[in-house]
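Residue numbers (numbering that gives the first Met the number 0): 0 to 238.
For reference, the structure is listed below as structure tokens.
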Amino acid sequence: MLCVEFKKLKRKKFFWILLLVIIMSAVIQALMGKRVYNNVAYGKTLGFFLHNGLIVNSYYLFIPIFSLIGMELFLLERQNNTLINILTVPITKNVLITIKTVVLCIIALLYTVLTFLSICLLETEFNLHNIRIDFVLTHLAVYVIHGIVCTVIAMMIIGIMLHFRQSAQAAVAVSFIASFVGVFISQAPLPYLYCVNAMFYLSGAAQSTGFEKMIAAIVVLIVCGVTGLLFNTLSKEEC
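Structure, rendered in structure tokens:
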């Protein structure tokens, strides 16, 4: 079943689109890194690309992209009027939801790692003699944490959109707004109370105390709980 879901996305050329987004994002990052201040390129500052890439992807790209992929996965059978036929074989709606969720998580993780690698190549090109393996691994862990949290947030948005029978385009629009709002909330008091900003405190990308990390973790767990309830409700709804 997992292979079938991947083939469905492959037929829609989703993987080529994702690869194109990664390349375009890397090109934009490279152009930003070549900008000069006091006769020194911004990219020559170790960590410029990895830090900048984390902010751009976490606030603008990860959640909308993961929401789009998830909505396409969940809406495919409904659009083709094949959901009822699939459920006539020994496959429950719970199993179908689980399979699609696993596929989304795998794609989201791969996209996150490939995004990190593309940015890491830029970092290496500009700072070949300064970059160290522990520096790279630390940032990889941060990117993976952000990828996981963004997937959870995207799943919550997908659950809401499916419940109200909205389109993939609507889900992307809501996801982008939800992500972008985090930019403004980051300047407000207690930003870690908002799920998008919470991941920065949870991963250590933003300076935080142990208490702030704990609250951020609770916020993410609440999002997980809400997502679970939404999909439990969806599994009981009629096709």
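Positions of the beta carbon are idealized from the N, C-alpha and C atoms, including for glycine.
Counting only the Cα atoms, V35 lies some 49 Å from F163.
The DSSP-derived three-state label of A204 is coil.
Contact annotation: the region 21-39 does not touch the region 94-104, with fewer than three C-beta pairs closer than 8 Å.
Contact annotation: M155 and V225 have beta-carbon atoms nearer than 9 Å.
In the three-state DSSP reduction, A107 falls in the helix class (H, G or I). At a Cβ-Cβ threshold of 9 Å, I62 and V182 do not count as neighbours. Setting aside the 5 residues that flank it on each side, K212 is surrounded in the same chain by Y200, L201, each with a C-beta closer than 7 Å to its C-beta; the list follows chain order.
With a 10 Å radius around the Cβ and a threshold of 16 neighbouring Cβ atoms, G158 comes out buried. In this structure H128 is not in contact with M198, their Cβ atoms being roughly 32 Å apart against a cut-off of 8 Å.
Taken through DSSP and simplified to helix, strand or coil, A25 comes out as helix.
Per the coordinates, the alpha-carbon of V26 lies some 23 Å from the alpha-carbon of C149.
For L220, the enclosing alpha helix (DSSP H) stretches over residues 209-235. Nearest to Y41 by alpha-carbon distance, out of I214, I176, E124, is E124. Between Y142 and L53, the beta carbon gap of about 7 Å places them in contact (Cβ cut-off 8 Å).
Here V218 has Y191, L192, Y193, C194, A197 as same chain residues with Cβ atoms under 8 Å from its own Cβ, once five neighbours each way along the sequence are excluded. Here the C-alpha atom of A169 lies approximately 18 Å from the C-alpha atom of F230.
Of K12, S66, K235, L139, the smallest CA-CA separation from S166 is found for S66.
Q28 is a Cβ neighbour of I118, given a cutoff of 9 Å. Judged by their CB atoms, V3 and S24 are not nearer to each other than the 9 Å cut-off.
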